[in-house]
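J.: For the sequence shown, the positions run 9 to 131 when the working numbering is used.
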Amino acid sequence: MKQNRSGCPVEEVFVQLGGRWKMMILSFLLEKPRRFSEIKNNIPNISQRMLILELNFLENKGFIERNVYEGKPVRVEYSLTEEGQYLDRFILMCREYGEWIRKREMMRDSFNHCLWNVTFFLN
Numbered sequence: 009m010k011q012n013r014s015g016c017p018v019e020e021v022f023v024q025l026g027g028r029w030k031m032m033i034l035s036f037l038l039e040k041p042r043r044f045s046e047i048k049n050n051i052p053n054i055s056q057r058m059l060i061l062e063l064n065f066l067e068n069k070g071f072i073e074r075n076v077y078e079g080k081p082v083r084v085e086y087s088l089t090e091e092g093q094y095l096d097r098f099i100l101m102c103r104e105y106g107e108w109i110r111k112r113e114m115m116r117d118s119f120n121h122c123l124w125n126v127t128f129f130l131n
């Protein structure tokens, strides 16, 4: 493993899992194994090329595995490895924090809208 620059363990998390898409992919796979098309259709705005790159990265790092099932047509599913499943609490905490941020932003927007209305009507 390449030594991180600062020695901070949090930095290592972001080296492994940083970026826009990795945590979204892992979060989606936390529920159950998924086919490529399921992942693509449920992660808005990710290009096919970027999804392939991110899946390859996560597979090479040992977080996910690619399972090929014979048949016609051949079926390919991605699932979390044991190491990937180890992230379950971290992923769930990220989801909770994301929901908290959304609610906070909605409250701020609502407050600012009300404040604007009051200011408008007082002038």
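Backbone N, C-alpha and C fix where the C-beta goes; we use that ideal spot for every residue, glycine too.
#1: Check the C-beta distance from L95 over to L34 and give it rounded, since I have them as a contact under 8 Å.
#2: Could you tell me the alpha carbon to alpha carbon distance between M31 and V84, rounded to whole angstroms?
#3: Return the first residue and the last residue of the alpha helix (DSSP H) that L95 is part of.
#4: Do I54 and Y86 come within 8 Å of each other at the CB atom, strictly closer than that value?
#5: Which of helix, strand or coil does DSSP assign to I72?
#6: Is it the case that the Cβ atoms of F36 and I51 are separated by a distance below 8 Å?
#7: Under the DSSP definition of a beta bridge, which residues are partnered with S87?
#8: Beta-carbon separation of P41 and N64 under 8 Å?
#9: Which residue from R57, L25, E104 puts its Cα closest to that of K69?
#10: On the three-state DSSP scale, how would you describe R28?
T.: Let me lay it out:
#1: About 6 Å separates the CB atoms of L95 and L34; that is less than 8 Å, so the two are in contact.
#2: Cα to Cα, the separation comes out at about 21 Å.
#3: It is not in any alpha helix (DSSP H) - L95 carries neither H nor E in the DSSP assignment.
#4: No; because the gap between Cβ atoms is not below 8 Å, this pair is not in contact.
#5: Looking at I72 - three-state DSSP - the assignment turns out to be strand.
#6: Cβ atoms of F36 and I51: closer than 8 Å.
#7: Beta-bridge partners of S87 (DSSP): E73.
#8: No, they are not a contact pair.
#9: Nearest C-alpha to K69: L25.
#10: Coil.
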